[in-house]
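Enquirer: So that we are looking at the same thing, I have put the structure below in structure tokens.
Protein chains: 2
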Amino acid sequence: MASPPARPALRARYDRRQEEVVEKAAHMFARRGYDGTTVSDLAEEIGIAAGGLYHYFGSKEQLLIRICDQLMEPLLAEARELRESDGAPGEQLRDLVRLWVTHVVAHRDHMLVFQQERHVIERGPQWRAVRASRKAFERLVEDALEEAADRLALPDRRLALSALLGMVNHTAQWYRPRGRLTPADVADGYVDLLLDPPTHDPR
Amino acid sequence: MASPPARPALRARYDRRQEEVVEKAAHMFARRGYDGTTVSDLAEEIGIAAGGLYHYFGSKEQLLIRICDQLMEPLLAEARELRESDGAPGEQLRDLVRLWVTHVVAHRDHMLVFQQERHVIERGPQWRAVRASRKAFERLVEDALEEAADRLALPDRRLALSALLGMVNHTAQWYRPRGRLTPADVADGYVDLLLDPPTHDPR
DNA sequence: CAGAGTACCGAACGGTCATTCGAACTCCGA
DNA sequence: TCGGAGTTCGAATGACCGTTCGGTACTCTG
Numbered sequence: 001m002a003s004p005p006a007r008p009a010l011r012a013r014y015d016r017r018q019e020e021v022v023e024k025a026a027h028m029f030a031r032r033g034y035d036g037t038t039v040s041d042l043a044e045e046i047g048i049a050a051g052g053l054y055h056y057f058g059s060k061e062q063l064l065i066r067i068c069d070q071l072m073e074p075l076l077a078e079a080r081e082l083r084e085s086d087g088a089p090g091e092q093l094r095d096l097v098r099l100w101v102t103h104v105v106a107h108r109d110h111m112l113v114f115q116q117e118r119h120v121i122e123r124g125p126q127w128r129a130v131r132a133s134r135k136a137f138e139r140l141v142e143d144a145l146e147e148a149a150d151r152l153a154l155p156d157r158r159l160a161l162s163a164l165l166g167m168v169n170h171t172a173q174w175y176r177p178r179g180r181l182t183p184a185d186v187a188d189g190y191v192d193l194l195l196d197p198p199t200h201d202p203r
Numbered sequence: 204m205a206s207p208p209a210r211p212a213l214r215a216r217y218d219r220r221q222e223e224v225v226e227k228a229a230h231m232f233a234r235r236g237y238d239g240t241t242v243s244d245l246a247e248e249i250g251i252a253a254g255g256l257y258h259y260f261g262s263k264e265q266l267l268i269r270i271c272d273q274l275m276e277p278l279l280a281e282a283r284e285l286r287e288s289d290g291a292p293g294e295q296l297r298d299l300v301r302l303w304v305t306h307v308v309a310h311r312d313h314m315l316v317f318q319q320e321r322h323v324i325e326r327g328p329q330w331r332a333v334r335a336s337r338k339a340f341e342r343l344v345e346d347a348l349e350e351a352a353d354r355l356a357l358p359d360r361r362l363a364l365s366a367l368l369g370m371v372n373h374t375a376q377w378y379r380p381r382g383r384l385t386p387a388d389v390a391d392g393y394v395d396l397l398l399d400p401p402t403h404d405p406r
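Listed in order, the protein sequences are those of chains A and B. For the first sequence, the working numbering gives the first residue as 1, with consecutive numbering after it. For the second sequence, the working numbering gives the first residue as 204, with consecutive numbering after it.
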């Protein structure tokens with residue numbers, strides 16, 4: 001991998017191209033799998049020779065790391081921001097899940113890759129940052145659940161957390177943008193499952 | 204791949220060995236990924252030379268197919284049996300989810316492989332049977348949800364189905380047999396989330 | 001114990017793939 | 001228009017891996 005160009009005018013183009021590679025790679029990895037996609041396949045999709053890709057990335061694995069980073073880092077940042085904002089503590093859970101589902105849906109390919117390559121992510125020191133991001137985010141969700149504990153439909157909070165993680169992550173596998181549900185609809189559905197029905201409802 | 208031995212006395216040993224290969228393969232595939240596990244790795248784990256494995260399996264992919272088949276076929280069969288049994292129609296959902304979670308937990312490695320290699324399963328005619336099993340099973344779950352529709356906490360049944368699929372499948376990723384929750388506990392938790400609280404409860 | 005059927009070995013093969021690298025080309029800045 | 005930084009090509013490389021196959025040792029059967 002070459003270092004990025006020093007001249008600012010060229011730097012922009014370089015960054016744009018690099019971004020294109022990440023995006024196309026995420027799409028192909030999601031469809032055919034990481035190992036099922038050769039560097040040549042990817043290069044052909046971009047429109048350059050295989051060797052040319054290494055101008056933008058040091059290795060195939062670094063590309064994969066970048067995909068996962070781009071997924072987790074902004075999500076974590078936004079979630080932290082939300083957490084520090086004021087707002088009814090009980091309603092933070094709903095906002096968090098909305099943010100989360102929206103993110104998953106907006107980066108479906110990244111998410112599918114992230115899930116499919118779990119075994120790679122779990123091993124190796126080069127994945128430490130990605131693992132830390134995921135852990136930190138899950139911790140935020142856990143805290144939000146804790147704050148809504150008195151309204152939780154499930155006595156076991158660990159189980160509630162696992163259930164929520166399962167539901168939201170699985171969303172990447174079935175959600176279609178042109179469907180009838182918005183990401184917020186989906187998120188609200190999940191939260192409604194987790195929380196007891198409002199008490200002001202007389203039967 | 205050689206044909207199985209004709210002599211019955213040897214057939215038993217052959218079958219046992221084959222089963223051992225499937226089990227060990229599922230375990231390694233779950234941990235290191237399908238592509239991350241070489242045939243030599245697997246052979247070493249079994250304790251024979253790489254070539255020797257081909258005595259029991261035609262190819263690495265056939266082995267993967269077998270793993271997925273062994274996961275889905277018994278599950279589908281048991282689910283169908285349950286469905287045809289008598290029992291309160293409303294309670295079939297709970298029994299089905301219990302059966303399902305128990306199965307997922309008992310075959311965690313198979314399940315993890317099944318999820319991780321989704322992109323392979325979706326392609327190619329040799330995977331048709333596996334895809335059909337999964338589809339049929341999901342259909343059974345859908346029907347059970349339908350029957351419990353009047354007690355569902357979520358108006359949107361498709362969303363409820365997706366949520367349930369997400370929760371249960373995700374269970375393979377966190378459940379530990381030595382934990383404090385039994386599979387039935389977990390299953391009941393999921394069902395409790397999906398169903399409205401019982402109406403006979405006076406506040 | 002003989003010999004057929006069975007299990008496994010171990011070396012080799014063919015193919016694929018990530019990665020490297022020097023040359024060639026493009027295009028910006030002066 | 002020129003020089004050089006930046007970009008891409010294309011061929012080569014080296015490693016790895018799934019699979020094959022002929023031979024060997026083992027085991028059950030009669």
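The beta-carbon is built from N, C-alpha and C at its ideal position, and this holds for glycine as well.
Using the beta-carbon of each residue, which ones in chain A are nearer than 7 Å to Met370/B?
Expert: At a beta-carbon threshold of 7 Å, the residues of chain A lying near Met370/B are Ala163, Gly166 and Met167, ordered along the chain.
Enquirer: What residues in its chain sit with their C-beta under 8 Å from that of Leu343/B, if we drop five residues either side in the sequence?
Expert: Taken in chain order, the residues that qualify are Leu279, Ala282, Arg283, Arg286 and Leu299.
Enquirer: Would you mind working out which of Lys263/B, Ile268/B, Ala366/B and Gly382/B sits nearest Pro328/B, comparing C-alpha positions?
Expert: Cα-wise, what sits closest to Pro328/B is Ile268/B.
Enquirer: Do Ala253/B and Ser262/B have their CB atoms nearer than 8 Å?
Expert: no
Enquirer: Can you have a look at Arg16/A and say buried or exposed, based on whether 16 or more other CB atoms are within 10 angstroms of its CB?
Expert: exposed
Enquirer: When burial is assigned at 16 or more other CB atoms within 10 Å of the CB, is Glu325/B buried or exposed?
Expert: Exposed: under 16 other Cβ atoms inside 10 Å.
Enquirer: Using the beta-carbon count (16 or more within 10 Å), is Leu213/B buried or exposed?
Expert: exposed
Enquirer: Does Leu299/B have its Cβ less than 8 Å from a Cβ in chain A?
Expert: Closer than 8 Å: no.
Enquirer: Could you name the residues of chain B that Tyr190/A contacts, counting a contact when the two beta carbons are closer than 8 Å?
Expert: Result: Ala366.
Enquirer: Locate the alpha helix (DSSP H) running through Ile65/A, then write down its first and last residues.
Expert: Lys60 to Glu84
Enquirer: Between which two residues does the alpha helix (DSSP H) carrying Phe340/B extend?
Expert: Arg331 to Glu350
Enquirer: Can you find a C-beta in chain A that's less than 8 Å from the C-beta of Trp377/B?
Expert: yes
Enquirer: Could you check whether the Cβ of Asp143/A sits closer than 8 Å to any Cβ belonging to chain B?
Expert: no
Enquirer: Hey, Leu256/B and Val225/B: beta-carbon distance below 8 Å or not?
Expert: no
Enquirer: Buried or exposed: where does Pro197/A fall if 16 or more other Cβ atoms within 10 Å of its Cβ makes it buried?
Expert: exposed
Enquirer: Establish whether the CB of Leu267/B and some CB of chain A are separated by less than 8 Å.
Expert: no
Enquirer: Considering only the beta carbon of each residue, do Leu145/A and Arg157/A sit closer than 8 Å?
Expert: yes
Enquirer: Going by DSSP in three states, Leu181/A sits in which element: helix, strand or coil?
Expert: coil
Enquirer: Rounded to the nearest angstrom, what separates Ala25/A and Gly250/B at their Cα positions?
Expert: Each residue's Cα considered, the two are about 38 Å apart.
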